[in-house]
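K.L.:
Sequences listed follow chains Y and R, in order. Position in the first sequence counted from 1, then plus 3, gives you this note's numbering. Position in the second sequence counted from 1, then plus 446, gives you this note's numbering. In this text, a Cβ means the ideal position worked out from N, Cα and C, and glycines have one as well. Owing to the predicted nature of the structure, the values given are computational and were not obtained by experimental measurement.
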Amino acid sequence: MGLLTPDSGLLFWMVVCFGVVFFILAKYAFPVIINAVDKRKKYIDSSLEAARQANEQLQQAKTEVESLLAEARRQQTAILKEAAATRDQIIADARNRAREEARKALDETRHQIAAEKESAINDIRRQVAVLSVEVAEKILRKELSTDKEQLDFVNRMIAEVESSNNRIG
Amino acid sequence: MKFVKYLFITSLCLLTLAPQPARAEEGKVDVAGIVFGHIEDAYGWHITDIGGKPVRIPLPVIVKSTTGWHVFSSARLEDGAEYEGLHIAQEGPYAKKIVERNAAGEEVRPLDISITKNVLALFINSALLVAIMLGCARWYKRHEVEKEAPKGGVGMMEATVLYIYEDVVKSCVGAQYRRYAPYLLTAFFFILLNNLMGLIPFFPGGANITGNIAITVVLALFTFVLTNVTGSKEYWKDIFWPNVPTWLKAPVPLMPLIEFIGVFTKPFTLAMRLFANLMAGHAGILSIICIIFITAQLGAGICSSMSLIAVIFGIFLNALEVLVAFIQAYVFTLLSAIFIGIAHPQTETIENK
Numbered sequence: 004m005g006l007l008t009p010d011s012g013l014l015f016w017m018v019v020c021f022g023v024v025f026f027i028l029a030k031y032a033f034p035v036i037i038n039a040v041d042k043r044k045k046y047i048d049s050s051l052e053a054a055r056q057a058n059e060q061l062q063q064a065k066t067e068v069e070s071l072l073a074e075a076r077r078q079q080t081a082i083l084k085e086a087a088a089t090r091d092q093i094i095a096d097a098r099n100r101a102r103e104e105a106r107k108a109l110d111e112t113r114h115q116i117a118a119e120k121e122s123a124i125n126d127i128r129r130q131v132a133v134l135s136v137e138v139a140e141k142i143l144r145k146e147l148s149t150d151k152e153q154l155d156f157v158n159r160m161i162a163e164v165e166s167s168n169n170r171i172g
Numbered sequence: 447m448k449f450v451k452y453l454f455i456t457s458l459c460l461l462t463l464a465p466q467p468a469r470a471e472e473g474k475v476d477v478a479g480i481v482f483g484h485i486e487d488a489y490g491w492h493i494t495d496i497g498g499k500p501v502r503i504p505l506p507v508i509v510k511s512t513t514g515w516h517v518f519s520s521a522r523l524e525d526g527a528e529y530e531g532l533h534i535a536q537e538g539p540y541a542k543k544i545v546e547r548n549a550a551g552e553e554v555r556p557l558d559i560s561i562t563k564n565v566l567a568l569f570i571n572s573a574l575l576v577a578i579m580l581g582c583a584r585w586y587k588r589h590e591v592e593k594e595a596p597k598g599g600v601g602m603m604e605a606t607v608l609y610i611y612e613d614v615v616k617s618c619v620g621a622q623y624r625r626y627a628p629y630l631l632t633a634f635f636f637i638l639l640n641n642l643m644g645l646i647p648f649f650p651g652g653a654n655i656t657g658n659i660a661i662t663v664v665l666a667l668f669t670f671v672l673t674n675v676t677g678s679k680e681y682w683k684d685i686f687w688p689n690v691p692t693w694l695k696a697p698v699p700l701m702p703l704i705e706f707i708g709v710f711t712k713p714f715t716l717a718m719r720l721f722a723n724l725m726a727g728h729a730g731i732l733s734i735i736c737i738i739f740i741t742a743q744l745g746a747g748i749c750s751s752m753s754l755i756a757v758i759f760g761i762f763l764n765a766l767e768v769l770v771a772f773i774q775a776y777v778f779t780l781l782s783a784i785f786i787g788i789a790h791p792q793t794e795t796i797e798n799k
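1. Taking C-beta to C-beta, are Ala-627 of chain R and Ile-37 of chain Y nearer than 9 Å?
2. What first and last residue would you give for the alpha helix (DSSP H) that runs through Pro-500 of chain R?
3. Opposite Ser-519 of chain R in the DSSP bridges: which residues?
4. Is the Cβ of Ser-70 of chain Y closer than 9 Å to any Cβ of chain R?
5. Measure the alpha-carbon distance for Asn-564 of chain R versus Thr-606 of chain R and round it to whole angstroms.
6. What do you reckon, are the CB atoms on Met-752 of chain R and Ile-735 of chain R nearer than 9 Å?
7. If you draw a straight line from the alpha carbon of Leu-801 of chain R to that of Val-768 of chain R, how long is it in whole angstroms?
8. Assign Trp-693 of chain R to one of three DSSP states: helix, strand, or coil.
9. Helix, strand or coil for Leu-463 of chain R per DSSP?
10. I'd like to know if Cys-582 of chain R contacts chain Y, where contact means its C-beta is closer than 9 Å to some C-beta of that chain.
11. Got a sec: is the Cβ-Cβ distance from Met-725 of chain R to anything in chain Y below 9 Å?
12. Based on the DSSP output, what are the partners of Ser-511 of chain R in its beta bridges?
13. Straight-line CA distance for Phe-634 of chain R to Gly-497 of chain R?
14. For Glu-604 of chain R, which residues in chain Y fall below 7 Å Cβ to Cβ?
15. Answer with yes or no whether the minimum CB distance from Asp-10 of chain Y to chain R is below 9 Å.
16. How would you call Trp-585 of chain R, buried or exposed, if buried means at least 16 neighbouring beta carbons within 10 angstroms?
17. Go ahead and pull the three-state DSSP assignment for Val-554 of chain R.
18. May I ask you to verify whether the segment 52-63 of chain Y touches the segment 643-661 of chain R, counting CB pairs closer than 8 Å and requiring at least 3?
19. Does the distance from the CB of Asn-723 of chain R to the CB of Phe-636 of chain R come in under 9 Å?
20. Do the segment 655-669 of chain R and the segment 4-15 of chain Y touch if we need at least three Cβ pairs shorter than 8 Å?
21. Between which two residues does the alpha helix (DSSP H) harbouring Thr-89 of chain Y extend?
22. Which residues of the segment 615-630 of chain R have a Cβ closer than 7 Å to any Cβ of chain Y? Give them in chain order.
23. Please report the straight-line C-alpha distance between Val-131 of chain Y and Lys-107 of chain Y, rounded to a whole angstrom.
24. Based on Cα-Cα distance, which residue from R:Val-671, R:Ala-729, R:Thr-692 and R:Phe-714 lies nearest to Ile-786 of chain R?
25. Taking the straight line between their C-alpha atoms, what separation do you get for Val-614 of chain R and Leu-575 of chain R?
26. Step through the CB atoms of chain R and report whether any lies within less than 9 Å of the CB of Leu-7 of chain Y.
27. Classify Asp-525 of chain R as buried or exposed, calling it buried when 16 or more other Cβ atoms lie within 10 Å of its own Cβ.
28. What is the DSSP secondary structure of Glu-471 of chain R, counted as helix, strand or coil?
29. Taking all protein chains shown into account, decide if Ser-70 of chain Y is buried (16 or more other Cβ within 10 angstroms of its Cβ) or exposed.
30. Assuming His-516 of chain R and Glu-530 of chain R are in contact, meaning their beta carbons sit under 8 Å apart, how far apart are those beta carbons, in whole angstroms?
31. Could you name the residues of the segment 643-670 of chain R whose beta carbon sits closer than 8 Å to any beta carbon of chain Y, in the order they occur along the chain?
32. Does Ile-485 of chain R have its Cβ less than 9 Å from a Cβ in chain Y?
33. What is the DSSP secondary structure of Asp-525 of chain R, reduced to helix, strand or coil?
34. When you compare the CB of Ala-32 of chain Y with every CB in chain R, is at least one pair closer than 9 Å?
35. Does Asp-476 of chain R get closer than 9 Å to chain Y when you measure Cβ to Cβ?
36. Could you tell me the boundaries of the beta strand (DSSP E) in which Asp-495 of chain R lies?
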């Protein structure tokens, strides 16, 4: 049957055509397309990889920052605590010293006052003594201007002494 | 939109065929003549008949007969005319082929490498394929592939190339897939384009190229040669000393014989499958359309109702043939890839994974 017998002329031309097409496409078309697609695929892969790495680095940086922040916060707390302690210490010291000073000053003042008081008392005493002696002298001089008066006085004195002795005895 | 296109194509198909019954015998539609006239090769490209006169593109006849080389236009051989001792046989084993008469007066076939209808269509389609593919390749040369991906036509071609490359070539051939990718891709696009061009009912399409046994035989031979020439030692060992119980291969080499026959049946099935599918598709569409002209003599009522059915079936068959055009190209490539893969049964495949 005619349909099933390959025609030699067509066979020949088909070999030529397909050969030429194959040669051209295999040399200039398909490798170009496939290489380009491969290149793009590689580029996409590497881009994805780069993105992944960048993300990883970002994550790492984030954790680093976080740890740094935590450390800073911790140090801040420690410093604040230390500062507070120091402040308290200083205040306490200052208070103690002030109290001490105050106490010292007070003591001194007290001593001074006591001394002044004593001296003042002594002075007064002396003056009172002098004064009383003078007064007594004046009174005595006035009262004992007569003999009778002198006698009365002596008697009264004796009586006083006696009564006082009786009171004691 | 596509539906409209198919309607358009089908109506054009009707237009090309419409005048043909006029050539047939009075009152009878020569369906076989129309169908075979279309699916067989011819020395001229018959486009249509206008006012009873055929419009043909005459093609060059190149023949080496006993009297030497002859190159002339096929128009000189029309209607059984003889030129330079050559004529087209009307019947016999060389019907519709150029023959010459030998001394005994018998018709003998000279060496005939004429540019026939199929050869011209082959040239056109090959040029088209090369243009399309080089056009795509040029896009990649003119653009930074790392910055943009092709859109539109180039994008479609890229997707198709990658589909075949990744799904067929890579997965079937094995480790050395890169070496065979250009051949398999060329075969795929060559068959696909010729299939699709064959579905276009008017010039420059419409030639039944991939439905011609000569074409499919050459394609199958390419696969056969590629498979067996590059086949590895293990492949030949598997054929002549396969891994079966010894009594199956000695003393009667039963399995080796079956395997050896298999070497030839593989490409044979490749050729026959493609040829039969495409030829049957063309014959089917043409037969359906011919219903219109057969029923034309049976009255207007039957003719119009049958025409409607024929057009609907024609659309359906055309759509089916578009699918078949792709499937057959795909199947040819897939089986070629598998045969090549079988010819390289290597442990490399496992190592590479």
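P.N.:
This is what the structure gives:
1. As a position in the second sequence, residue 627 of chain R is number 181, starting the count at 1. As a position in the first sequence, residue 37 of chain Y is number 34, starting the count at 1. Cβ atoms of Ala-627 of chain R and Ile-37 of chain Y: closer than 9 Å.
2. Residue 500 of chain R sits at position 54 when you count from the first residue of the second sequence. It is not in any alpha helix (DSSP H) - Pro-500 of chain R instead sits in the beta strand (DSSP E) that spans 499-504.
3. As a working note, residue 519 of chain R is residue 73 in the second sequence. Under DSSP, the beta-bridge partners assigned to Ser-519 of chain R are R:Pro-506.
4. Here residue 70 of chain Y corresponds to residue number 67 of the first sequence, with the count starting at 1. Closer than 9 Å to the CB of Ser-70 of chain Y there is not a single CB belonging to chain R.
5. Numbered from 1 along the second sequence, position 118 holds the residue referred to as residue 564 of chain R. Numbered from 1 along the second sequence, position 160 holds the residue referred to as residue 606 of chain R. When only Cα atoms are considered, Asn-564 of chain R and Thr-606 of chain R end up about 26 Å apart.
6. Here the question's residue 752 of chain R lines up with position 306 in the second sequence. Here the question's residue 735 of chain R lines up with position 289 in the second sequence. In this structure, Met-752 of chain R sits away from Ile-735 of chain R, with a CB-CB distance that is not shorter than 9 Å.
7. Because chain R in this structure spans residues 447 to 799, residue 801 of chain R falls outside the shown range and cannot be described.
8. Reading the second sequence from its first residue, position 247 is the one you call residue 693 of chain R. Under the three-state reduction of DSSP, Trp-693 of chain R is assigned to helix.
9. The residue given as residue 463 of chain R occupies position 17 in the second sequence. Because the pLDDT at Leu-463 of chain R is just 47, under 50, the model does not fix this residue reliably, and the point stays unresolved.
10. Looking up residue 582 of chain R in the second sequence gives position 136. For Cys-582 of chain R, a Cβ of chain Y is located within less than 9 Å of the residue's own Cβ.
11. Your numbering for residue 725 of chain R matches position 279 in the second sequence. Answer yes: the Cβ-Cβ gap between Met-725 of chain R and chain Y drops below 9 Å somewhere.
12. The sequence position of residue 511 of chain R within the second sequence is 65, counting from 1. DSSP, once it has assigned bridges, lists R:Gly-514 as partnering Ser-511 of chain R.
13. In the second sequence, residue 634 of chain R corresponds to position 188, counting from 1. In the second sequence, residue 497 of chain R corresponds to position 51, counting from 1. Each residue's Cα considered, the two are about 41 Å apart.
14. Taking the second sequence and counting its residues from 1, one reaches residue 604 of chain R at position 158. Result: Ile-36 and Val-40.
15. Along the first sequence, one-based indexing puts residue 10 of chain Y at 7. By this cut-off, Asp-10 of chain Y is an interface position.
16. By one-based count along the second sequence, residue 585 of chain R stands at place 139. Buried.
17. Within the second sequence, the letter at position 108 stands for residue 554 of chain R. Val-554 of chain R: strand per DSSP, three-state reduction.
18. Fewer than three pairs of CB atoms, one per stretch, sit closer than 8 Å, so the segment 52-63 of chain Y makes no contact with the segment 643-661 of chain R.
19. Residue mapping note: residue 723 of chain R aligns to position 277 of the second sequence, counting from 1. Residue mapping note: residue 636 of chain R aligns to position 190 of the second sequence, counting from 1. No, the pair does not count as a contact, with Cβ atoms beyond the cut-off.
20. They touch, by the three-pair rule.
21. As a first step, residue 89 of chain Y must be located in the first sequence, where it is residue number 86. Per DSSP, Thr-89 of chain Y is one residue of the alpha helix (DSSP H) stretching across 33-146.
22. From the segment 615-630 of chain R, only Ala-627, Pro-628 and Tyr-629 have a Cβ closer than 7 Å to chain Y.
23. Residue mapping note: residue 131 of chain Y aligns to position 128 of the first sequence, counting from 1. Residue mapping note: residue 107 of chain Y aligns to position 104 of the first sequence, counting from 1. Just so you know, the alpha carbons of Val-131 of chain Y and Lys-107 of chain Y end up roughly 34 Å apart.
24. Translated into the one-based positions of the second sequence, residue 786 of chain R becomes position 340. Of the candidates R:Val-671, R:Ala-729, R:Thr-692 and R:Phe-714, the residue whose Cα lies closest to the Cα of Ile-786 of chain R is R:Val-671.
25. Within the second sequence, the letter at position 168 stands for residue 614 of chain R. Within the second sequence, the letter at position 129 stands for residue 575 of chain R. Looking at the two C-alpha atoms, the distance is approximately 20 Å.
26. For the purposes of this step, residue 7 of chain Y is taken as residue 4 along the first sequence, with counting starting at 1. At least one beta carbon of chain R lies nearer than 9 Å to the beta carbon of Leu-7 of chain Y.
27. As a position in the second sequence, residue 525 of chain R is number 79, starting the count at 1. Classification of Asp-525 of chain R: exposed, given that the 10 Å Cβ count is below 16.
28. Residue numbering aside, residue 471 of chain R sits at position 25 when the second sequence is read from its first letter. In this prediction, Glu-471 of chain R scores a pLDDT of 44, lower than 50, which makes its location untrustworthy; the coordinate-derived value is nonetheless stated afterwards. In the three-state reduction of the DSSP assignment, Glu-471 of chain R falls in the coil class.
29. What you label residue 70 of chain Y is simply residue 67 of the first sequence in a count that begins at 1. That one is exposed.
30. As a first step, residue 516 of chain R must be located in the second sequence, where it is residue number 70. As a first step, residue 530 of chain R must be located in the second sequence, where it is residue number 84. For His-516 of chain R against Glu-530 of chain R, the beta-carbon gap comes to about 5 Å, under 8 Å, which counts as contact.
31. Within the segment 643-670 of chain R, the residues whose Cβ lies closer than 8 Å to some Cβ of chain Y are Asn-658, Ile-659, Ala-660, Ile-661, Val-663, Val-664, Leu-665 and Phe-668, listed in chain order.
32. Mapped onto the second sequence, residue 485 of chain R falls at position 39. With a threshold of 9 Å between beta carbons, Ile-485 of chain R makes contact with chain Y.
33. Taking the first residue of the second sequence as position 1, residue 525 of chain R is located at position 79. Secondary structure at Asp-525 of chain R: helix, using DSSP grouped into helix, strand and coil.
34. Your numbering for residue 32 of chain Y matches position 29 in the first sequence. Ala-32 of chain Y belongs to the set of residues whose beta carbon lies under 9 Å from a beta carbon in chain R.
35. Locating residue 476 of chain R in the second sequence gives position 30, where the first residue counts as 1. Judged by the 9 Å Cβ criterion, Asp-476 of chain R is not in contact with chain Y.
36. Here the question's residue 495 of chain R lines up with position 49 in the second sequence. Taken as a continuous stretch (DSSP letters only), the beta strand (DSSP E) holding Asp-495 of chain R covers 490-496.
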